[in-house]
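Numbering (the numbering used here), first residue to last: 86 to 271.
Backbone N, C-alpha and C fix where the C-beta goes; we use that ideal spot for every residue, glycine too.
From a predicted model like this one, the values you see are computed outputs, not experimental measurements.
What follows is one structure encoded as structure tokens, with my remarks underneath.
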Amino acid sequence: MELQKKILEGTLVVFNKKGLKFTMDDLAGQLGISKKTIYTVFRDKEELFLEMVDYLFALIKEEEQKVVNDSHLGTLEKIRKILGVLPESYREVDFRHLYLLKDKYPKTYEKVEKHLETGWETTIALLEQGMEEGVVRPVKIPILKMMLESSLEQFFQRDVLIQNGISYREALEEVVDILVEGIVCK
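Listed below in structure tokens is the structure:
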């Protein structure tokens with residue numbers, strides 16, 4: 086299990102340097118191990134990506150729980166943080182290149198989509214709590230959910246972020262800000 090985690094962590098490093106085009110040789114060099122060792126854990130690059138998706142979304146869920154359990158945050162702050170949650174150690178990873186995922190690794194892309202569409206229970210509960218407290222205006226939660234999912238899916242389908250020189254983190258923060266604050270000057 087420790088070797089698997091080491092490989093997954095190394096994958097993020099080489100992905101950040103080379104995008105999806107990194108090779109298993111690149112990964113082996115980064116980790117200081119042989120490709121053969123990597124292949125004892127992951128059959129191929131696609132299996133590595135499939136596991137990486139689960140790994141990243143598990144880390145996102147851990148970060149969500151930290152936000153929910155933070156007694157220093159109010160409901161609205163928790164909602165904002167959860168909508169834009171990224172694991173702390175991956176805030177600088179360049180996820181903009183994931184738009185290539187759909188064509189090159191469709192199974193992996195489908196897994197990303199599935200993760201984006203599920204696991205909303207904590208967020209929904211906070212939104213409902215915010216509406217009860219009066220800090221969130223009544224909204225149709227399925228619409229809000231669809232808006233965030235659709236935005237993130239577009240980041241993974243098109244190179245709009247690269248074309249406009251916007252980091253994934255900046256884009257995510259902007260989407261969350263628009264969803265939470267709207268576009269009207271107050």
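- Query: By Cβ distance, which residues of its chain are closer than 8 Å to T160, with the 5 residues on each side in sequence left out?
  - Reply: L211, Q214, G215, E218, V220 and V221
- Query: Do you know how far the Cα of A113 is from the Cα of I228?
  - Reply: 44 Å
- Taking 8 Å as the cut-off, decide whether the C-beta atoms of M137 and L93 are in contact. yes
- Give the range of the alpha helix (DSSP H) segment to which N101 is assigned. E87 to K103
- Give every residue of the same chain whose Cβ lies closer than 7 Å to the Cβ of V260, excluding the five residues on either side of it in the sequence, and list them in chain order. L233 and S236
- Query: What whole-angstrom Cβ distance do I145 and V265 have, given they're in contact under 8 Å?
  - Reply: Contact flag wrong, Cβ pair sits at about 18 Å.
- Message: Closest to I242 by C-alpha separation, out of I268, C270, I226 and K189, would be which residue?
- Response: The question names Ile, but residue 242 in the sequence shown is Gln. If we check each option's Cα against that of Q242, K189 comes out closest.
- Message: For E131, which residues in the same chain have their Cβ closer than 7 Å to its Cβ, ignoring the five residues on either side in sequence?
- Response: Y190, K192 and T193
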